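The sequence shown begins at 1 in this note's numbering and counts up by one.
Below is one structure; the comments refer to it alone.
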Amino acid sequence: MFPQVAIKMFRQHHLTYQTAETSTEGMIERCVVVQRQSDGYGFTVTGDHPVFVHTVKPEGAAFCAGVREGDRILKVFWKLSLHTKYYMTI
């Protein structure tokens, strides 16, 4: 299991909503690092192009990193070792 992941995502800004599935208008791009806890990362995702955060465990790893329900995930980066990095574009 990966000890931490970095997630590049969009967050809706000022409660504006997307007008189309691929629209990024009114959204803020940000990157968060989620440090895995003993019970996991603390969030679930839904969708397929785009992928959204479906649930976030209160006080879980993702919540503490600033991940919130409804965030749109763009990329996920993770490290397997000190010298090896991988990423996945969503």
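For glycine and all other residues, C-beta sits at the position ideal for the given N, C-alpha and C.
Please read all numbers here as calculations on a predicted model, not as lab measurements.
Residues bridged to residue i by DSSP?
i	result
Val67	According to DSSP, Val67 bridges with nothing at all.
Arg36	Paired residue(s): none; Arg36 is not in a bridge.
Lys8	Cys31 and Lys75
Are the Cβ atoms of residue i and residue j separated by less than 8 Å?
i	j	result
Val45	Ile73	yes
Val56	Gly47	no
Pull up the CB-CB distance for residue i and residue j, whole angstroms please, since I reckon it's below 8 Å.
i	j	result
Asp71	Val53	4 Å
Ala65	Gln37	Contact doesn't hold; Cβ gap of about 11 Å is too wide.
Which of the three DSSP states, helix, strand or coil, is assigned to residue i?
i	result
Glu21	Residue confidence for Glu21 is low, a pLDDT of 47 falling below 50, so the modelled location carries little weight; the figure read from the coordinates is stated next. Correct three-state label for Glu21: coil.
Lys75	strand
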